[in-house]
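Trainee:
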Amino acid sequence: MAQRVATEYVSASFTVTEAEMPILISMCEAQQLRLQVFVLDNGNHEVVLTDDAGGEAIRLTFERSDGKFLCVMSCRVVQLKLTNALRKLVATFKGDAVVNRIYQGYTMIYHYMKGMVVRIVENKDGELRTVFEHRDTLGWMEAQFKRRTVEEEIRILRRSVNELLDRRNRSESDSEIADIDERLKHHSRLLFALEA
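At position 32 of the sequence shown (counting the first as 1) the number is 32 in full-length UniProt numbering, and the numbers step up by one without a gap.
1. Please give me, in chain order, every unbroken run of the alpha helix (DSSP H) with length at least 4 that falls completely inside the region 136-192.
2. Using the Cβ count rule (16 or more neighbours within 10 Å means buried), how would you classify residue 186?
3. Who are the Cβ neighbours of residue 71 in its own chain at under 6 Å, not counting the five residues just before and after it?
4. With H, G and I counted as helix, E and B as strand and the rest as coil, what does DSSP make of residue 84?
5. Exposed or buried, residue 34, counting other C-beta atoms within 10 Å across all chains shown (16 or more means buried)?
6. Mark residue 81 as exposed unless 16 or more other C-beta atoms lie within 10 angstroms of its C-beta, in which case mark it buried.
7. State the CB to CB distance for the pair residue 104 and residue 36, rounded to an integer number of angstroms; the pair is presumed to be in contact (CB under 8 Å).
8. Please classify residue 135 as buried or exposed, where buried requires at least 16 other C-beta atoms within 10 Å of its C-beta.
9. By the DSSP assignment, the alpha helix (DSSP H) with residue 29 in it spans what residues?
10. If you compare alpha carbons, which of 110, 175, 52 and 85 is closest to residue 23?
11. Can you tell me whether DSSP reads residue 18 as helix, strand or coil?
12. Going by beta-carbon coordinates alone, are residue 16 and residue 88 separated by less than 8 Å?
13. Please go through the region 40-107 and give each complete alpha helix (DSSP H) segment of 4 or more residues, from N-terminal end onward.
14. Quick one: any contact between the region 45-60 and the region 113-124, if contact means 3 or more CB pairs under 8 Å?
15. Does DSSP put residue 35 in a helix, in a strand, or in coil?
16. Report yes if the C-beta distance between residue 164 and residue 191 is below 8 Å; otherwise report no.
17. Are there 16 or more other CB atoms within 10 angstroms of the CB of residue 93, so buried, or fewer, so exposed?
18. Tell me whether residue 54 is buried or exposed, calling it buried when 16 or more other Cβ atoms sit within 10 Å of its Cβ.
19. Have a look at the DSSP bridge pairing and note the partners of residue 111.
20. Measuring alpha carbon to alpha carbon, tell me which of 106, 11 and 160 ends up nearest residue 5.
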């Protein structure tokens, strides 16, 4: 098994509510990291995570806005405890991130959306190969069902239009023709909207 050289957070962001801030702090403490929290004058928070054994530290800045704290970061870490802590923060608080896991000779690029890995790409000598891609099967099935429902509605409307046209051609009464024309106008608007 290849040994990871470093983990690079190219870009990462996640939001924490004021009520979730103690959860974030306890998660970092559970990783056995030394933790320092600074509350700045403007209400922003800075959290410094330090792996004393490895001698590495990272600083996370949380900007306060509307009762929430937004953390946008990019950094490179080597120590496993810090790497795990950052991964858990992105996953738990449903963050978005692009993370390079750097190994000797190649890099694995992880794409996170809403805390979930949605794509993994291997970069070896500049050649990219997708290893994993999340497919929203349920969402795709729902879209197919809705599309089929719309297609069915279009078929029903077309059948109705054909019947109305037949009735119009057979009709001799001006009032009935005017009524059919009004209904045809309504049906044509519906068809136009559904086909768009």
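C-beta atoms are modelled at their ideal positions from N, C-alpha and C, and glycine is treated no differently.
Computed from a predicted structure; not experimentally measured.
Mentor: Inspection of the coordinates gives the following:
1. Counting whole runs of 4 or more residues, the region 136-192 contains the alpha helix (DSSP H) stretches 137-170.
2. Taking the first residue of the sequence shown as 1, we reach residue 186 at position 186. With fewer than 16 other Cβ atoms inside 10 Å of its own Cβ, residue 186 counts as exposed.
3. In the sequence shown, counting from the first residue as 1, residue 71 sits at position 71. Taken in chain order, the residues that qualify are 14, 60 and 62.
4. Locating residue 84 in the sequence shown gives position 84, counting from the first residue. Residue 84 falls in the helix class under three-state DSSP.
5. Working through the sequence shown from its first residue, we reach residue 34 at position 34. With fewer than 16 other CB atoms across the displayed protein chains lying within 10 angstroms of its CB, residue 34 is exposed.
6. Locating residue 81 in the sequence shown gives position 81, where the first residue counts as 1. Buried is the call here.
7. As a position in the sequence shown, residue 104 is number 104, starting the count at 1. As a position in the sequence shown, residue 36 is number 36, starting the count at 1. Contact flag wrong, Cβ pair sits at about 33 Å.
8. By 1-based counting over the sequence shown, the position of residue 135 is 135. By the beta-carbon neighbour count (other beta carbons within 10 angstroms, threshold 16), residue 135 is exposed.
9. Within the sequence shown, residue 29 is the residue found at index 29, counting from 1. Unbroken alpha helix (DSSP H) run through residue 29: 21-30.
10. Here residue 23 is taken as the residue at index 23 of the sequence shown, counted from 1. Ranking 110, 175, 52 and 85 by Cα distance to residue 23 puts 85 first.
11. Position 18 of the sequence shown holds residue 18. Coil at residue 18, not helix or strand.
12. Residue mapping note: residue 16 aligns to position 16 of the sequence shown, counting from 1. Residue mapping note: residue 88 aligns to position 88 of the sequence shown, counting from 1. Not closer than 8 Å, so no.
13. Scanning the region 40-107 for uninterrupted alpha helix (DSSP H) segments of 4 residues or longer gives 80-92, listed from N- to C-terminal end.
14. As far as the Cβ criterion goes, the region 45-60 does not touch the region 113-124, which means the pair count is below three.
15. The count along the sequence shown starts at 1 and reaches residue 35 at position 35. Reduced to three states, the DSSP call for residue 35 is strand.
16. For the purposes of this step, residue 164 is taken as residue 164 along the sequence shown, with counting starting at 1. For the purposes of this step, residue 191 is taken as residue 191 along the sequence shown, with counting starting at 1. In this structure, residue 191 does not lie closer than 8 Å to residue 164 by Cβ.
17. Along the sequence shown, read from residue 1 onward, the residue named residue 93 stands at position 93. So residue 93 ends up on the buried side.
18. Your numbering for residue 54 matches position 54 in the sequence shown. Answer is exposed; the Cβ neighbour count stays below 16.
19. Looking up residue 111 in the sequence shown gives position 111. Looking at the DSSP assignment, residue 111 forms a beta bridge with 98 and 119.
20. Taking the sequence shown and counting its residues from 1, the one referred to as residue 5 is at position 5. Checked all of 106, 11 and 160; the closest Cα to residue 5 is 106.
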